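Peer 1: Sharing a structure here in C-alpha cells format.
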Amino acid sequence: MPNHFNQLMHNRPPTPGNSGPVVSAQTAPHEHLLAQIAKYSRSDWAKPITDYNRAAFDRAQDWLLQRKGGLILDSGCGTGDSSRALAQMFPEHQIIGVDRSEHRLSRQREHTPDNCLLLRADLLDFWRLANQAGWRPEHHYLLYPNPEPKPKHLTRRFHAHPIFPVLLALGGEFECRSNWPIYLEEMALALNFHNKKSTIQRLQNDSPSLTPFEHKYRCSGQCLWQLRASL
C-alpha cells in the first residue's frame, strides 16, 4: 500500500535538506546511564497528573471503546503525518497519535482517516493513564524523539527517565527511530536491563518515510537508525 507521507511529500515542491547532524560531547552511551536506569527501576514516579492530560486521555478512551480492532500508539506524533500514514498502512487497527505541541498538531494538512485520533497531551501523563486503564497497544511507535544530546540532560531521555518502566508495561511491538545512533544504543541497554531484547539496524534509503523529520534528515544525507523490540 502506498505510504501516506510519501504521497504527501510527492505533491509538494522539492525542498533541499538543511538539517545538521546531532552534535554531542558523548561519543558512546552515557557513563551514568545504567545507574540511572537502576535507580528508576526501583521507584514509582508519583508526579500529579494534570487535568488537561486526564481530559485528553478520557477523550481517547471514549473514542477507543466505540471502535473495534487493535490499538497502535504513535507517541510524539508531531503534525500527525506519521499517524495518518499508519492509519493507511493498518486500516483494521485504531491509531492514536499523541503530541504535547498544539502548534504542531494544528498543522492539519488534510483529512485524518476515520481510524486515527490525534490528541494534545504530555506523554509522561498519557502513558501512565494508559497503563492504569490497562491499554496494551499491539504496536508502539516513538519516532525521532528529541535526543537531548547534552550529557547533562541524560535524564530527559525517555530511557533514563522514571517513566521508562511505564513505557515497558504498555507492551507491544515497539519501534524507535533516530538520527543519533547513541540514543538507540542507550535505549537498547535500558531494554536489556529489563530483560528485553532489541535489534538496531540502519534504515534503507528506499524505505518509506514516516515523519517530516525523517524526510528532512534523508534529504540532508544523514544516516537513520531503527530499534525494534517486543515488550
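Numbering (our numbering), first residue to last: 5 to 235.
Glycine included, C-beta positions come from ideal geometry on N, C-alpha and C.
Please read these numbers as outputs of a predicted model, since none were measured by experiment.
1. Please look up how many angstroms separate the CB atoms of asparagine 119 and alanine 91, rounded, as I've assumed it's under 8 Å.
2. For threonine 83 versus leucine 147, is the C-beta spacing smaller than 9 Å?
3. Do leucine 193 and isoleucine 204 come within 9 Å of each other at the CB atom, strictly closer than that value?
4. Compute the beta-carbon to beta-carbon distance between alanine 125 and alanine 60, rounded to the nearest angstrom, for a pair I have assumed lies under 8 Å.
5. How big is the Cα-Cα spacing for threonine 116 and proline 212?
6. To the nearest angstrom, how far is it from the Cα of leucine 158 to the Cα of aspartate 103?
7. Which one of Arg206, Gln40, Ile186 and Gln208 has the shortest CA to CA distance from valine 26?
8. Taking the alpha carbon of phenylalanine 168 as the reference point, which residue from Lys154, Tyr145, Pro151 and Trp131 has its own alpha carbon closest?
9. Does the beta-carbon of histidine 107 have 16 or more other beta-carbons within 10 angstroms, so that it is buried, or is it exposed?
10. Take the Cβ of proline 141 as the centre, count every other Cβ of all protein chains shown within 10 Å, and call the residue buried at 16 or more, exposed below.
11. Which one of Gly74, Cys227, Leu228 and Tyr221 has the shortest CA to CA distance from asparagine 22?
12. Mind checking phenylalanine 217: buried by the 16 CB within 10 Å criterion, or exposed?
13. Determine the burial state of glutamine 136: buried for a count of at least 16 other Cβ atoms within 10 Å of its Cβ, exposed for fewer.
14. Return the bridge partner residues of histidine 144 from the DSSP annotation.
15. List the residues that DSSP assigns as beta-bridge partners of glycine 101.
16. Since leucine 231 sits in a beta bridge, which residues does DSSP pair it with?
17. Any heavy atom of the ligand FAD closer than 8 Å to the beta-carbon of glutamine 70?
Peer 2: Concretely, from the data shown:
1. 5 Å
2. no
3. no
4. 4 Å
5. 19 Å
6. 21 Å
7. Ile186
8. Trp131
9. exposed
10. buried
11. Tyr221
12. buried
13. exposed
14. Leu77 and Phe178
15. Asp78 and Leu122
16. Cys180 and Ile204
17. The ligand FAD is not part of the structure shown, which contains no ligands of any sort.
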